[in-house]
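What follows is one structure encoded as structure tokens, with my remarks underneath.
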Amino acid sequence: MPRLPIDLPRMQNQPRTRAPVTSSPDLVPLELEAVPAKPRKRLMRQYELIDRVKQYNPNANEELLNRAYVYAMRAHGEQKRASGDPYISHPLEVAAILTELKLDDATIAAALLHDTIEDTDATRAEIDRTFGHEIGLLVEGLTKLKRLELVS
648 MPRLPIDLPR MQNQPRTRAP VTSSPDLVPL ELEAVPAKPR KRLMRQYELI
698 DRVKQYNPNA NEELLNRAYV YAMRAHGEQK RASGDPYISH PLEVAAILTE
748 LKLDDATIAA ALLHDTIEDT DATRAEIDRT FGHEIGLLVE GLTKLKRLEL
798 VS
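Just so you know, we're using the working numbering here: the sequence shown kicks off at 648 and counts up by one.
Have a look at this one:
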């Protein structure tokens with residue numbers, strides 16, 4: 648292959664030097680290093696959700712919140728997010744935030760259910776039958792908001 652005029656000159660007759668390879672107990676091959684696992688956040692339990700709501704609303708509809716919690720858990724089943732977290736972790740975190748804002752039972756139930764229509768076999772009609780038209784509207788509205796974010 649002909650040399651191009653822009654090639655830099657190389658020192659002739661000079662041996663290429665490399666750093667000596669030594670083995671040391673301090674050096675561990677990269678592929679063998681233990682990568683610390685991301686700590687998993689504990690999921691909020693059903694009774695914890697009820698306790699949170701009862702702190703600011705002693706007349707909370709426990710039966711509604713219990714049904715929504717169980718329904719969401721069953722609907723998402725063993726689904727995992729790309730991170731490996733259980734799929735239900737996001738709806739539970741949203742519900743926890745809404746309890747900090749002291750929102751009503753229907754809104755918290757909708758938070759628990761908001762991924763079910765989009766990411767499970769659940770339908771809007773089933774949500775309406777099980778939880779009522781108001782919660783069905785809230786769940787559908789949250790699903791539409793999510794689609795709007797993806798479009799914008």
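Using N, Cα and C, we set each Cβ at its ideal position, and we do this for glycine too.
- Exposure of Arg721 is indicated by the presence of fewer than 16 other C-beta atoms within 10 angstroms of its C-beta.
- The DSSP assignment places no complete beta strand (DSSP E) segment of no fewer than 3 residues inside the stretch 709 to 785.
- If the five residues before and after Thr754 are omitted, its C-beta is found closer than 7 angstroms to the C-beta atoms of Leu745 and Leu785, all from its own chain and listed in chain order.
- DSSP places Lys701 in the helix class (H, G or I) of the three-state scheme.
- At a Cβ-Cβ threshold of 7 angstroms, Gly783 and Asp775 count as neighbours.
- In this structure, Leu760 sits near Ala719, with a CB-CB distance shorter than 7 angstroms.
- Closest option to Asp766, judged by alpha-carbon separation, among Glu747, Asp752, Thr790 and Gln693: Thr790.
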